[in-house]
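Peer 1: Once you've had a glance at the structure underneath, I'll fire off some questions.
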Amino acid sequence: MKKVILLFFTAASLLFSGCNDLSEDSSSASLTLDKESITISNALGGATSATVTATLTGSSSSLEWFSADKSIVTVTGSGNFAVILCQGKAGTANVGVRTADNSLEAVCSVSVSLSSAPASCVTDLALTEDSETASGFTLTWTDPVRASAVVIDVFESEEDRTAGIALAEASSTAEPDLYKSYTVDLNLASYVISDLITNSTGKEYYVAVYGYLNGKRSLSAMTVDVQLKPDTNAPADITNVESSVTEHSIELTWTEPSDDDYAGVVVTLVSPVKDFAGNAIASSELTKTIGAGTTKAAFSNLAANTEHEFTFYTYDSNGNKQGDANNESAGSTKTVKTEEDTTAPAVVTNVSAGFTVNGNVSVTWTDPSDRDFKEIIVTAACSTDGYNAPASQTIASGVNNAIFSCDTDAEYTFTVTAYDYDGNASAGITADAVKPVPELTSVTAASYGSGLFAEWKEADIADSSVYSYTYQFLCYTDEDCTNLAATIDVPTGNSKWVLGYGLDFETTYYFVLQTYVYETENLSNNAGYKSSVVCTATMPEKVVATTIKNSKTSAYIVPNTSGTVYCVSSSAANASYSAAWIVRPALDFTSTYTYTGGNDSTTGTVSTFSLEATDADGNPTGKFLYVTNLSTSNTSTTDGTPVLLEQGNIDDVTHASFFQAFASYASTGYKSIRSTYDDGGFMLGNDSAGNVLKYRYSLNVAGVNNWHWYMDISEE
C-alpha cells in the first residue's frame, strides 16, 4: 500500500515559490509562509497533496488554517505545519493561516490541474460467505492501484446495471439509474451494506464495484449478484399513541415505526364491542386497517363514560404482521375512556295532539336528530274535574305518534320529552288535545238559482298520515236539531259549498257542520265532531232551465243513456233524465257577471248559475253540467266535451258555471250562453242538427250570424 501512495505523489508535479509576507507591518510580530504559490499538476483527487509551513515571530498566539475553496483543496494544519489535499476538481484556491486573534494572516495560491488518466478498477471482489441478511450483505476487494475511493452501485435489475457500466465505460459523469450507491475510502477493502429492502422470497440485487477518481468511475467494474434473505419480521410497534375523546367517540393518533418496509397498522377495538345503544358494532367498524402515511383512526357511536381497549398490529409490504406465525409479538395496546354524557337531546318539534276516532287522541311529533337519541315519553294531564288522565307511554325512536284513550267531554294536555341512552332528558314540549270541530260561518240563499251558499273555517285534523276526513252537513227541520232531514258530504280540502241536492224547495233548514274522521286503513273505525254553530237558511223556489233555441231548430240539453255525456238533442227525455235542469247557484261562488258588450255595444250585469241535472221524474241528481277542454284557439264552432259530475269531482268550477249574455244578437232576440271560464269568452250551443254541444271562443260578442245560442230560463 505504501507503494501505491508513492505512485500517487510522484504522478503529480508540484511547483512552489516563496509566499509574500501578508502579515501586518509590525516591529514586534510577523507571520509568513514558506511558499507564495503552489502548482499541482496531474493531480489525483483525494490522493495528491502538498505541504506548507508557517513562521510566526513576536507572538504566542495559536494558528488557524483555512481554504477559500474546499471543493478544490482542503488544508489540515497542526501548529506551523499543514497538508494541502486535492479534492478532484481543477481550479485555483487560496490557502492561508491566521493567528487566533485575527491580528496576522498569510496566504498562498494553490493551482490544481487534474490527471487525465482514469481510475483503475478494484480486484478480487467477493461476497462474504453467509453475510446475506434481510437488509444487506458484506463485500471484500483489493483496492485499485489508481483511485481516490471505491464506489459500490446497487441495481434492482440486470438491465439497469448493464446501462450503468456502459456510462462508466464512456467516461461519463452522469449518474446511472441505480437503487443505492456507496462511496468507500481506500484502505478499508470491505464494506457492510445494511439498508436494503427484501421481500417474502428474498429480493435479488445486482452490484457493480468501481475505482473512483476525479469525479468519475473506472472504465470497468467488477460485479456480483446477491439474493437477500426473505423478510419474515414484522415492523416495530407504533409509538406515542394519543387519544382525543368525546362522550361517544375516540380518535387515536400515533407515530409510525422507522422500518423501511412498514406498510400500515391494524387498529382493533377489542372491548366493549357494543355501541351506546347496546347493539353489536359492525366488524368493519371494530377493525380499521390504516396504511402508511396516515397516523389516525376514529371510532364513533361508543358508550359514554366507558373504558375501551384497542390493539395495534403493524404489518409490512411483504405481508408480515405482528402476531402472525413468524411474529409472536402481540403488538401494542391502549385503553381509553370516553367522557361522561351529561348532555340532553334536543327537544322534539312539531308537537300536536288531536281527537280522532272513538274518543282517541293522537299525539304526533318530530324526533330530535341527536345520534344517541333513544326514546320518547309522552305523559298526559286532564284539567276537567271528574276525569282521569291516561297512563304515560314510552315510544321508541322513529315511531313519532302515540294513541291515548280519552273522553271527548274532557280537556287534556300532553307533554312529549326526549331521552338519550344515558338517561338525559330534554325539556318537555306540551300540546293541548284539539277536537277537529269546524267553524260554520254562514249558510245563505244564493241571489239567483235554487240553492244555498255555505262557508266555514276548516278544522285541525290530527295525524293526517293515519286519519282521513270529510265534512258533513247535518240538515235539520227543527230549531232543536233533532229531526235530521238530510246529510250532505263534502270532500276534504273545501271551505265552501253549494247546497241544494236532497233538500226541499222553499223549506227552512237548520244546519250543523261536522268533521267526519276515519282511519284510512279501517274505514269502519270513525267518528264525527259537530260544530257548536247552527246556521239557518231557507231553500229558494224551484227554478229550471227548459230549452235551448237557435235559428235552425229547437232542442233540449239532455244526457245520453250512459249518463256521463250531455248532448244537445231535439229528442225528448230518455229513461234516465228529464229535459229540465235546475238552475243552481254558480259553483264558482259568483253571483253576477258584468258583461262588457257585444256587437251592439250593450253592457250590463247578469246572474251566474250552474245546471244540475234532473232524473226522469224531475228530481235533482246532484250532478252538474261540466264542459272540458275549452281552448281559446277555437274561434269557429268546435265540438265541446260535456260531462256530468258531482260537485266534489269538478276540478275547475268555472267550467261548470255559466251566465246568459245581457245583449241579444240584432233583432232576433237570441242571447248566448257562456262559461265564466276565461272571462266569459266561450259561447255554448248546438249545431244545425241539434245533436252535439258546440262552443266557440268569441269574447264580448252577443251572438254569431247563423249560430244563435241561448237558453230560456223559466220558473216553476
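Residue numbers (mature numbering (1 follows the signal peptide of the UniProt record, and there is no 0)): -17 to -1, 1 to 699.
Cβ coordinates follow ideal geometry from the N, Cα and C atoms, glycine included.
1) Output yes or no for whether 8 Å exceeds the beta carbon distance between residue 388 and residue 333.
2) Quick one: what's got a C-beta closer than 8 Å to residue 12's C-beta in the same chain, skipping five residues either side?
3) Using beta-carbon positions only, say whether residue 197 and residue 302 come within less than 8 Å of one another.
4) Given that a residue counts as buried once 16 or more other Cβ atoms are within 10 Å of its Cβ, and exposed if not, what is residue 524?
5) Any idea what DSSP makes of residue 630, helix, strand or coil?
6) Are the segment 209 to 216 and the segment 154 to 174 touching by the rule of at least three beta carbon pairs closer than 8 Å?
7) I want to know whether the segment 565 to 580 touches the segment 590 to 608 - three or more CB-CB distances under 8 Å.
8) Output yes or no for whether 8 Å exceeds the beta carbon distance between residue 444 and residue 458.
9) Identify the continuous beta strand (DSSP E) that holds residue 594 and give its terminal residues.
10) Classify residue 498 as helix, strand or coil using the three-state DSSP reduction.
11) Give the single residue among 69, 44 and 319 whose Cα lies nearest to the Cα of residue 54.
12) Rounding to the nearest angstrom, what Cα-Cα distance links residue 641 and residue 656 in this structure?
13) What do you get for residue 706, buried or exposed, if any count of 16 or more other CB atoms within 10 angstroms of its CB means buried?
14) So, is residue 64 buried or exposed, given that buried needs 16 or more other C-beta atoms within 10 angstroms?
15) Within a Cβ cutoff of 6 Å, which residues of the same chain sit near residue 179, ignoring the five residues on either side of it in sequence?
16) If you count every other CB in all the chains shown that lies within 10 Å of the CB of residue 37, and 16 or more means buried, which is it?
17) Which ranges would you report for the alpha helix (DSSP H) in the segment 261 to 346 if only whole runs of at least 4 residues count?
18) Only counting the same chain, and skipping five residues up and downstream in sequence, which positions put a Cβ closer than 6 Å to that of residue 169?
19) So, at 8 Å on beta carbons, what are the nonlocal neighbours of residue 370 in its own chain, with the 5 sequence-adjacent residues on each side left out?
20) In this structure, how does DSSP classify residue 434 when only helix, strand and coil are distinguished?
21) Taking the straight line between their C-alpha atoms, what separation do you get for residue 501 and residue 409?
22) Distance, Cα to Cα, residue 399 vs residue 368?
23) Is residue 194 near residue 144, with beta carbons less than 8 Å apart?
24) Since I believe residue 346 is in contact with residue 384 (beta carbons under 8 Å), could you give me their beta-carbon distance rounded to a whole number of angstroms?
25) I need the straight-line Cα distance from residue 666 to residue 427, nearest angstrom please.
26) When the Cβ atoms of the segment 258 to 266 are set against those of the segment 199 to 207, are three or more pairs found closer than 8 Å?
27) Tell me the rounded alpha-carbon separation between residue 176 and residue 188.
28) For residue 32, is the classification buried or exposed, using 16 other Cβ atoms within 10 angstroms of its Cβ as the cut-off for buried?
29) Counting only the same chain and skipping the five closest in sequence on each side, list residues whose C-beta sits under 6 Å from that of residue 290.
30) With H, G and I counted as helix, E and B as strand and the rest as coil, what does DSSP make of residue 169?
31) Cutting at 8 Å between CB atoms, please list the residues of its own chain near residue 508, excluding the five before and the five after it.
32) Just the Cα atoms here: how many angstroms apart are residue 556 and residue 565?
33) Per DSSP, which one or two residues make a beta bridge with residue 124?
34) Given that a residue counts as buried once 16 or more other Cβ atoms are within 10 Å of its Cβ, and exposed if not, what is residue 335?
35) What is the DSSP secondary structure of residue 660, counted as helix, strand or coil?
36) Residue ranges of each alpha helix (DSSP H) run of no fewer than 4 residues wholly in the segment 171 to 197, ordered along the chain?
Peer 2: Based on what the coordinates show:
1) no
2) 6, 39, 40, 41, 42, 86 and 87
3) no
4) exposed
5) helix
6) no
7) yes
8) no
9) 587 to 598
10) strand
11) 69
12) 7 Å
13) Any property of residue 706 remains undetermined from this structure, which presents the chain solely from -17 to 699.
14) exposed
15) 118 and 119
16) buried
17) 266 to 269
18) 126
19) 390, 392 and 393
20) coil
21) 33 Å
22) 23 Å
23) no
24) 6 Å
25) 30 Å
26) no
27) 12 Å
28) buried
29) 318 and 320
30) coil
31) 340, 341, 501 and 502
32) Note on residue 556: pLDDT 45, under 50, position unreliable in the model; no value is reported.
33) DSSP, once it has assigned bridges, lists no residue as partnering residue 124.
34) buried
35) helix
36) none
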